[in-house]
Amino acid sequence: MSDLIQRKQSFNQAVLITDALEKDEHHRLTTYVRWLDAQGKLWLQPNLSQYRDYLLTTYKGRDGKPLAARSVRAHLSSIRGRYKALLRDNDTRDRLYDMTPKDASPSDRKALVDEVLKRLSNAIDPDAAQVKVVTRQDVRDEEHLRLTSSQASQLLAMPGVDSLRGLRDTAILALMLCTGLREAELCALDVPDLRQRLGGTLALHIRRGKGAKERLIPYGELEWCLAVVNQWMTMAGITGGPVFRGFYRGAKQVRDSRLTVRAINQILERYPVMIDGELRKVNPHDLRRTYARRLYEAGMDLLAIRDNLGHADSRTTLKYIGTMDVDKRKPPTVYMFDLRALQEAREMDAE
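Take the sequence shown: its position 258, counted from the start at 1, is 258 in the UniProt record's numbering, and no numbers get skipped.
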C-alpha cells in the first residue's frame, strides 16, 4: 500500500511540476501537489473548490498567516494554467491512453480519454471554485447574517471560558447555535428543560414558545453544547431554577433571577464577528438563521427544521434558510448514460 501511495505522489509531481515554472508558480503547484498527495488523489482528480476551502481555512502562507483572498486566487490561477497547458499537450492524451484498460477496444480507450479530458476541463472552470468576497451573505435580506461554520466557531471562541462571565456567554452562544431557539425561549429555560427525551433521543424542552406553544428540539450530534452549559451551571452553583442568570457587581456572584431578552441582545453585541475585514454585530435571530441554513445544507429535512424552530409555516423557515447559492442547487449524479455508445454510433456513421 505504501508503495502505491509513493507511486501516486511521484506521478503527481512528475506531471504537474516542471523546470519551466517560475518561482511563485513552482511554490503554488508544489503546495497543490502536497495537498493531492495528502488526499490520496491523482492529478487527474482535481477538486478546486475543495482545495480553495483548504487554502482559505487551513493552509498557512510562508509568513505563517492565513492567505488573503487575492493570494488564494493566485494559487488557483497557477493551477488552472498548468492544467490548461496539459490539456493542450498531446503527451497528456498519450499518457491517459496508456492508463486505460489494455483489454478495451481502441474506440473505448479513446472514449475514456475524451471523457477524462472533458472532466478535467470542467473541473478547472473558474466558476467551479470562485473566491468571492462576501459581506452580505444574502441578497433579499442582506442585513441578516447566516454565519459560516468557521465564523460560528470564531464567535464561540470569543468569550473564552476562563472567567465565569465568559463561560456563561459561551454556553449561551453554544445553545443558541445548536438548537436555534429564540432569545425569549433561552431566558425561560429552567434546569430540567435541558435534558428531556423525544423518541429516546436527548432533547431541549421549550415550555414557553411563541404563541404559548411547547416543543422539543433534539440535540442530535450537536449534543456537545450541553457540556458547555453543564460546566457553566457547575461553576455557577446552579442546580435548579433558571439556567442563565446575571451577576452582581464584580461578576463573581450569580443572581437568582433569570436573564432578560434585552440582556441577551447586549451580551451578543459584545462579540462582533469579523467578516471580510469588517466587524459585524450578531443578534439572536442571526443565530437562528445560521442554525436553519447550516442544518439545511447538511441535508436535514425542511419540515424537521421547521419543527425545531417552532415555525407554523414552512415558508417562514425558507426565509430563515435564505437564498441558496447556485452550486447548492446543482443536481447530483442520480443516474448515468454510457456516453461511449454515442462515440460508437458516430464511428459507425463515419464508416
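Backbone N, C-alpha and C fix where the C-beta goes; we use that ideal spot for every residue, glycine too.
- With contact defined as three or more Cβ pairs closer than 8 Å, the segment 48-64 and the segment 26-39 are in contact.
- Partner residues in the beta bridge of residue 203, as assigned by DSSP, are 196, 218.
- By the CB criterion at 8 Å, residue 71 and residue 25 fall outside the cutoff.
- At least 8 Å separates the beta-carbon of residue 309 from that of residue 220.
- Under a 10 Å Cβ-count criterion, residue 293 is classified as buried, with 16 or more other Cβ atoms of the shown protein chains found around its own Cβ.
- Ranked by Cα distance from residue 241, the options 318, 13, 255 are led by 255.
- Contact check for residue 152 and residue 175: beta-carbon distance about 13 Å, past the 8 Å limit, so the pair fails to qualify.
- Taking each of 260, 189, 266, 285 in turn and checking the Cα distance to residue 238, the smallest one comes out for 189.
- With contacts defined as CB atoms closer than 8 Å, residue 123 and residue 226 fail to qualify as a contacting pair.
- Under the rule that a run must span 4 or more residues, the alpha helix (DSSP H) segments found entirely inside the segment 219-285 read 225-236, 261-269.
- Here residue 200 is exposed. Its C-beta has fewer than 16 other C-beta atoms within 10 Å.
- The straight-line gap separating the alpha-carbon atoms of residue 120 and residue 39 is approximately 18 Å.
- Taking C-beta separations shorter than 6 Å and ignoring five residues to either side along the sequence, the partners of residue 80 in its chain run 124, following chain order.
- If you check the CB distance, residue 273 and residue 155 come in under 8 Å.
- Here DSSP, grouped into helix, strand and coil, assigns residue 114 to helix.
- Here residue 167 has 161, 231, 232, 235 as same chain residues with Cβ atoms under 7 Å from its own Cβ, once five neighbours each way along the sequence are excluded.
- DSSP lists 66 as the bridge partner or partners of residue 60.
- Taking C-beta separations shorter than 8 Å and ignoring five residues to either side along the sequence, residue 106 has no partners in its chain.
- For the set 65, 74, 64, the Cα lying nearest the Cα of residue 51 is the one of 74.
- Looking at the backbone, the Cα of residue 302 and that of residue 296 are separated by about 7 Å.
- When DSSP states are grouped into helix, strand and coil, residue 53 belongs to the helix group.
- Straight-line spacing of the CA atoms in residue 304 and residue 267 works out to 29 Å.
- In the structure shown, residue 190 adopts extended strand secondary structure according to DSSP, grouped into three states.
- Of the other Cβ atoms in all chains shown, 16 or more fall within 10 Å of the Cβ of residue 111; this residue is therefore buried.
- Boundaries of the alpha helix (DSSP H) around residue 165: 164-179.
- C-alpha of residue 86 to C-alpha of residue 291: approximately 43 Å in a straight line.
- Residue 116 and residue 91 have their C-alpha atoms some 14 Å from each other.
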